[in-house]
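A short write-up of the structure that comes next.
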Amino acid sequence: MGVEPLFFWIFAIGAIVTSLSVVVVRNPLYCALALVVDFFFFAGLYVLLSAHFLAVVQVLVYGGAIMVLFLFIIMLLNLRGDELGQMRFQLHTALAITAGVVLFFIAGGAILSATAPMDGEPPVEGTLVVQDDGSEVRVQEVRTSIPGLYLALDEQTLEEKYLEQIASWERGTSRPSDGKYPRFNPERTFEVPPSMQFDPEAASVVPGRSGLYGTFQPISALLVNRFVVPFELTALLLLAAIIGAVIIAKRRVT
Amino acid sequence: MSWEPTLAHYLILSAAVFTIGMVGVLVRRNAIILFMSIELMLNSVNLSFIAFARYRVDLDGHIFAFFIMAVAAAEAAVALAIVLHVFRHKRGIEVDEMQELKH
Amino acid sequence: MEALYAEQFYFLGLIVLAPLLGAIINGLFGSKLPKRVVDWVACGAMAMSFAFALISVQALINNMTVSPDGERSWGMLTYTAYQWIFSGSLEAEIAFLLDPLSAVMVLVVTGVGLLIHIYSAGYMAEDESKWRYFAYLNLFAFAMLMLVLGKNMLVTFIGWEGVGVCSYLLIGFWFGDDEKAAAGQKAFLVNRVGDFCFILGMFLVFYTAGTWDYVALAEMSTTAATAATLLPIALPAGLLIFLGCTGKSAQIPLYVWLPDAMAGPTPVSALIHAATMVTAGVFLICRMNWLFTLDHRLMATIAIVGALTAFFAATIALVQTDIKRVLAYSTVSQLGFMFMAVGMGAFVAAIFHLMTHAFFKALLFLGAGSVIHGMHHEQDMRKMGGLRKLMPYTWATFLVATIAIAGVPFFSGFFSKDLILWGAISNAHVLTVDGAMGMITMEHFTSALVPAAAGGEALDIGRWAIVNWVVFLLGIMTAFLTAFYMFRCYFMTFHGECRADEETKAHIHESPPSMLVPLVVLAFLSFVGGYVGIPHFITTHMPEGPQFWSLLLENWLAEVFLVSDAYRVVGRFGASPYGLETLVAVVSIAIAGAGIGLAYLMYVKSPELPARVKERAGKLYDLLWNKYFVDEGYDTAFVRSTLKLGEVSYWFDRYIIAGLLVGGTAFMTKNFGQVLRHLQGGNVQRYATYILIGTVLILFAILGGATGS
Amino acid sequence: MVEFSSIFSALAAQPLLAQIGMVSEAEGSMPWLTLTTFAPLVGILLLLFIPKEQINVLRNVALIASLGTFALSVGIMVNFNPAVAAAAGDAFTFQMVEHIDWIPEVGISYAMGVDGISLWLVMLTTFLMPIAIWSTYGAIKENVKEYMVFLLLLEVGLVGAMLAIDLFLFFIFWEVVLVPMYFIIVIWGGAERLKAGLTFFIYTMTGSLLMLTAMVYVYFQVGADTGVYSFLYADMLGAELTYEQQFWLFAAFALSFAIKVPLFPFHTWLPLAHVQAPTAGSVLLAAVMLKLGTYGMVRLAFPLFPDAFVVYAPFIAVLAVIGIVYGAVLALIQTDVKKLVAYSSVSHLGFCVLGLVAMTPQGLAGGIYVMLAHGIATGGLFLCVGMLYERRHSKRIADFGGVAKVMPVFAVMFAVIMLGSAGLPGLNGFVGEFLSLMGAAKSHFLSFGEYNFFLADAESAFALGTTTTVPTEAGTSSGPELTAFIMAAIGALGVILGAAYLIWMFRRVMFGEVRYEEVRMMPRLTAREIGVLVPIVVMTIFMGVYPKFFMSRMDPSIHQFLSYMDVKVTEAVEAAAADEDRRNVYGQVVVEPPNEEWVPQGSMVDLARERRQQR
């Protein structure tokens, strides 16, 4: 566990620095490159959050596709950051920056107050879990004012909790989604489709780490089962975007 | 704030990146950088989704983030096409010159 | 006419209506009627009014009742035309009152008025807008009769202002010449200042007495209980009304309009500025004698102002060269005499002088008019002279009038002036009101004070004796000056050789008979007029019958001034009451003789003497010639300052109120609009920033709400 | 409470005209008031059908319409019975009352009534309108149709405002008056007519908005107290308002009326509007519209808020007195004739307000009479100035001189009107001004109470008779009479200044040599112009010589109003004496019943019938 915090701070500071440079640097080319690096830091963070599939997708889609597009446009329009001299002070830039900072502090305050442990209640001591390598890890299951939200969870308990969740789906007593999906009738049982039948042991995805959460398999299952409508719509959206881009960017032969 | 990263850390980070992106949108006068800032904002949102997913032991965040990425890609494509089109007509893509709609 | 008509004696209405009808006919159709008809309509109206006046006075005479102890009283005849303004406790009717006082005034006004109408028919013969002149003259007569016959102060006030307007119209009759129009305007405005004071006096009277009706007011001020209410306001109201009278009768503060009023045609000056209008002030004070006699300080001020005006105007008249101005200042001076008499409580003497003055001053003006008429509107005496042979009738009548005004015995002026001077020195005001303010009631001072005074031993009224002496001395000096300047004027116009230039001298002609007849009649009246008030030291030796006739005026007006007489002690100095009167008569005869002699010496014996006196007098002469710079003083003091105030307030009005306040708010709203305009700059990012700021503020509000409450 | 949604349904459900039949409460008698108010609308209707080019037909139709309205208003006058029994306790008893519920849900009703005070103002309007229209024959050449429509619309507004006894209806007519006058000034006005029109409109509008808010406040107050929500005047009077409420409500009402009157500080719009307005416009603006302000004061501001009125009265009087002298002095130095007449209106209406505020029978009668006399006099003056302007196309006094020689008949008429306006006894101006001043002189209402700083214990030489001494802590002050008398004295100054500027203007314009060739060429008065001026001159003389005809019909209403105010004011003074911080309020209404045989017993119709029977 001890290593993880370090990585988090590296990636966090990295992300902030690169995003700042995207905004501050004059030359659009350097901004684009800074953005690419920023996406990598984000990918790192996803991994820390055990969103392995998304980390990969992040790198692929953002790093690969979108940034290439930007670089292509920058190259095509050979912008040389000619707006160098124009960054003179304008009233509304000052206003914008201050407003942004104020918004950040408000958001930060809100986050801290929301995720702070319920006042008056001591953090509930988590169950003691023995890591497979023999070290016990006290799981802090600190409940916040938001029901069902755990402040800090290590990998191990994450997997166990996720497996419990899948098990509950099978038993039809799916966790009360507190109205998350109102359109779904909670009483209706939801039998897990065969494709989602996992065999925990067989699903060794990451060499040396067995875990199901965040990997490709459950996400793809969910995508094609519960979220199949949005999935198809996204496809449609992408199609429209492609055609649109082509038409707009085509040189008018008049 | 303790050293181990908790949900709060991630959310504050995403808020920070989001703010930087927003300021970028408001301040920078070059269209391309403006779109980059928008990408930044979208990414920060993804991060918060995933952070919540992680601490709610739930994969819905991931799926949502996935869809955001798809949309971001589509949006970037169309936006850059527009920028290309605009550039071809006006030789410059400073945002504050684009005031044809003013009156 | 038995007393049956006492209540609704409609002839009074007819007296007033006749000139009004004349004015309306001439006014509306005059321009189309032939000249002769216009004359006849005007003079006819006046004649009718005179006839009705005679009938009414005859009715009044028949109305005589003799009280047990031989006191004759003629009571009064009233006529109420209609209810004019009734509002709450104010009940003002258009009502007329004929009592011995107004009888005398009516006869003077209509009589002299008729003569002047006949005279002006000739005088204005060749003036093309004669119909307008006669319309104004009749309107003036109507207003004057309203003033004289009015039964309450409101009707008098209607007449008062009506007379003011008519004098404005008549003085400015030849309005083509701007200078004459200005004179008319000056007359009207100065009169208006007088009327302002008159109105305030009326308010005070109404405020305390609750009515303006003379009969009721007289009744109120004579009965003990109610007199106490009038006592406190007697001084303020009296002073205000007196100020009004000075405006109308051209006394010290407000006399400036009379000399300029000579701009009007001469018959106008004769009628208005000699006989009728200027006497309005004296008449009013006599009419309200019971109010004025309540406060001795008031009577003293009137007397002193009168005396001062008399002397002051006489000095100015010394140096005037325009014949009409001399007569104008002489009128102011003679009116000063009348006010002096009224101030001293000698009301009968004042009315007597008023009557005689009307006769000889009208004659003087008409005489001057016929001279001017003859010499084709030449008014400067230095260009006249030696008209004795050329205009015999005018000369004769003018001489009679000059003798009368100078106070030569056997002529009317002597009798009335003598009575005034004797009253000045002998009357003393008994009612010392100082101690009596509200403390004592009317019976107290009628029962205790007056008998003590009548009993002969002088009351402690010492300190007021000075007033008598001052007034008497001023009177004597004025008498001397009057004699001097009148004969100066006479000699300069009629004696010596004619100084007019050849062209006018060629056709100096005597005036037509229509102008001479009034002159002769007036000359006769100036002579006879005096014999209704023969001095007492003569009449005491007369038997009962002739004594009544020789003291006719005194007996006739005794009842009207009954209240005021109760306040006077007659014959305070000297054993027998009339010894003093003989002394005064002798003194005034001597004074008159001296004046005439001096004038004869300077203007007939050695014509160069006045020139020598003039350079030696030097500065004094200039002072008199410029009328003590009073006109210029008034002009800068009042006219200029009001106009300046006007400019300042106009500037204030335009820049402060309109500019600053109203304009200011408009300016602010416009600029506030400007500020908002920048919000719509058209820059997309700026909009986004504003949206962001908006959200931040909203969040603050919400969170603020959350954290705050 | 009240659901407003039903307003529109109510409007649709009861079309006004359909109910005209059963309008007046009096059994089956002619609804004179409604007919007179809306007769000009019939005229407008006719005008609309006539094509624009036929100017003469347009003019004549408008003239006939206004004459018809005048005939109808004579119907009101004839049926008006001054000696109607005054219902005890309420401020006014209205006659020929016409009342139907217009919007019952909200309590707005179409209620018209006439009483002594409003009778003559209505007659003034309908009398002047034909004259004003007839005077435009020479002046207005282009778009005559709109001009006539606006004039007739103006008449509807004016007559309606005077007759309405429902506050909401009064407010509607009050606003209706503004619109046509604005257009008249803006379209047919002089050089900078836009600025003048705008100032006039916005100035009056802000005033009236204040009034509206105050009116609605009282409406809810009444509703809350009595449960009955109604704008009717009688109900509004029942409102019990505390002194503080009354203080502000009176301020709102008084301000809007002060702007209209116009009182001293709010008068700057008047010279602008008058100078720029065309002749007929300024005649009506000066003659009748200004009277809305003073009429409003008597009708609405004073009776509704007596407590506040006791405190405000001396200050309003001071403004009025300032107005008199200020207006006169300003008029003195004007070079433009029309502006001179405009400032003279400010001065004359100062007399009116001084009379009204004095709360004495003479004061009120004088104030109302000034309204009538000023209407006729200033209307006449504006007509004369208009005629001079038509001939010489200049309003500067210096451009004239010696006009009397060129136009003698005009000179005579102009002289009579001018003298009437200057307040010569025997003509109309004098009666009003004299009574107002007299009323003010004897008023017990103009004491400043505790702010009696400059006259606290004036042991003055003018110890005014047995004045009711006022127990102030600084010994017995000489009582309010001295302040009242001083105000009357200063007001009377206006008499001199008034004569001064009018006579001086008359001399510079009419007398003197004829300096300019254009003046010599000025044509004499046409028959039409003489026809326009003759009624004014006749009225000037008739109102001066025989005011009984008018005043006898006013007096009963004035007496009733004063007795009502007497009751209210004594309560107010006692209430003020009760609470400690306002101990020193002093005000006493003088009530004197009118003389019996002065007031005609019964309307002209009845009197005529009796006379016929006697013969």
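Residue numbers (this note's numbering), protein chains in the order written: chain A, 1 to 254; chain B, 255 to 357; chain C, 358 to 1066; chain D, 1067 to 1681. We put the CB at the ideal spot given by N, CA and C, even for glycine. Here the structure is a predicted model, which means the values were calculated and not measured.
Inset, instruction - Return the chain-ordered ranges of every alpha helix (DSSP H) run that is complete within the stretch 1106-1183 of chain D and spans a minimum of 4 residues. - result: 1121-1145
Inset, instruction - Return the chain-ordered ranges of every alpha helix (DSSP H) run that is complete within the stretch 1324-1385 of chain D and spans a minimum of 4 residues. - result: 1335-1342, 1345-1350, 1356-1362
Inset, instruction - Please say whether I1197 of chain D and I1602 of chain D have beta carbons closer to each other than 8 Å? - result: yes
Inset, instruction - May I have the straight-line CA-CA distance separating L54 of chain A from D314 of chain B, to the nearest angstrom? - result: 12 Å
Legend entry - Presumed contact (8 Å Cβ cut-off) between C643 of chain C and V699 of chain C, rounded CB distance: 7 Å
Legend entry - Residues, ordered as in the chain, of the stretch 1545-1556 of chain D that lie near chain C by beta-carbon distance below 8 Å: Listed by position along the chain: E1547, F1551, A1554, A1555.
Legend entry - Y46 of chain A: contacting residues in chain B (beta-carbon distance under 7 Å): Neighbours of Y46 of chain A on chain B, chain order: I304.
Inset, instruction - Take D988 of chain C and list the residues in its own chain whose beta-carbon comes closer than 6 Å to its own, dropping the five residues that flank it on each side. - result: V613
Legend entry - Buried versus exposed, by CB contacts within 10 Å (16 or more), M421 of chain C: exposed
Legend entry - DSSP-derived helix/strand/coil call for D1465 of chain D: helix
Legend entry - Selection from D:I1268, D:M1670, D:G1468 that minimises the alpha carbon distance to W1335 of chain D: It is D:I1268 whose Cα lies nearest to the Cα of W1335 of chain D.
Legend entry - Neighbouring residues, chain C, relative to V340 of chain B (Cβ below 8 Å): Here the premise fails: no neighbours, minimum Cβ distance about 13 Å.
Inset, instruction - Spell out whether any CB of chain B is found under 8 Å from the CB atom of Q1031 of chain C. - result: no
Inset, instruction - Starting from F453 of chain C, follow its DSSP beta bridges and name the residues at the other end. - result: C:Y436, C:G507
Legend entry - Close-in-space but distant-in-sequence residues of the same chain around A1408 of chain D (CB under 6 Å, 5 per side omitted): L1336, P1337, H1340
Inset, instruction - Report yes if the CB atom of K605 of chain C is closer than 8 Å to the CB atom of G551 of chain C, and no otherwise. - result: yes
Legend entry - CB contact below 8 Å: V281 of chain B versus chain A: Proximity of V281 of chain B to chain A, defined by a Cβ-Cβ separation below 8 Å, is satisfied.
Legend entry - Length of the line joining the Cα atoms of A408 of chain C and A498 of chain C: Take the alpha-carbon of A408 of chain C and the one of A498 of chain C: they are about 14 Å apart.
Inset, instruction - Can you grab the Cα-Cα spacing for the pair G975 of chain C / L981 of chain C, in whole Å? - result: 10 Å
Inset, instruction - Would you identify the three-state DSSP class for T678 of chain C, choosing helix, strand or coil? - result: DSSP places T678 of chain C in the coil class of the three-state scheme, outside both helix and strand.
Legend entry - Contacts around Q1400 of chain D, its chain only, beta-carbon distance under 6 Å, and the 5 residues preceding and following it disregarded: L1406
Legend entry - Proximal residues to A1084 of chain D (C-beta, below 8 Å), its chain only, five neighbours per side dropped: Any reading at A1084 of chain D is ruled out, since the residue's pLDDT is 41, under 50, leaving its predicted position unreliable.
Inset, instruction - Quick one: measure Cβ to Cβ for A725 of chain C and L778 of chain C, integer angstroms, because I've assumed they're closer than 8 Å. - result: That belief does not hold up - the Cβ atoms of A725 of chain C and L778 of chain C are roughly 27 Å apart, past 8 Å.
Inset, instruction - Closer than 8 Å by beta-carbon distance: list the chain A residues that pair up with R1043 of chain C, in chain order. - result: Against chain A, a Cβ distance below 8 Å from R1043 of chain C picks out H92.
Inset, instruction - Keeping to the same chain, check which residues put their C-beta closer than 7 Å to that of F1332 of chain D; ignore five residues upstream and five downstream. - result: A1324, I1325
Inset, instruction - Go through its chain and collect everything with a Cβ distance to H893 of chain C's Cβ below 7 Å, but skip five positions before and after it. - result: Y935, E938
Legend entry - Same chain, Cβ closer than 7 Å to R489 of chain C, neighbours up to 5 away in sequence not counted: G387
Inset, instruction - Could you pull out every residue in the same chain whose Cβ sits closer than 6 Å to the Cβ of L1385 of chain D, ignoring the five residues on either side in sequence? - result: L1329, F1330
Legend entry - CA nearest to the CA of S868 of chain C, picked from C:I451, C:D979, C:Y476, C:D426: C:Y476
Inset, instruction - Starting from the C-beta of F1368 of chain D, find all residues in its chain whose C-beta is less than 7 Å away, skip the five residues before and the five after it, and write them out in chain order. - result: F1375, M1631
Inset, instruction - List the endpoints of the continuous alpha helix (DSSP H) containing P1474 of chain D. - result: 1474-1488
Legend entry - Three-state secondary structure (DSSP) of S444 of chain C: strand
Legend entry - L672 of chain C vs L506 of chain C beta-carbon contact at 8 Å: Looking at the sequence shown, residue 672 of chain C is not Leu but Thr. Pairing T672 of chain C with L506 of chain C gives a Cβ-Cβ distance that is not under 8 Å.
Legend entry - Same chain only: Cβ atoms within 7 Å of L385 of chain C, ignoring 5 sequence neighbours per side: none
Legend entry - Rounded C-alpha distance that separates G1031 of chain D from G1359 of chain D: Chain D is shown from 1067 up to 1681; residue 1031 of chain D falls before or after that span and cannot be answered.
Inset, instruction - Let me know the alpha helix (DSSP H) ranges lying completely inside the stretch 550-580 of chain C, each 4 residues or longer, listed in chain order. - result: 571-579
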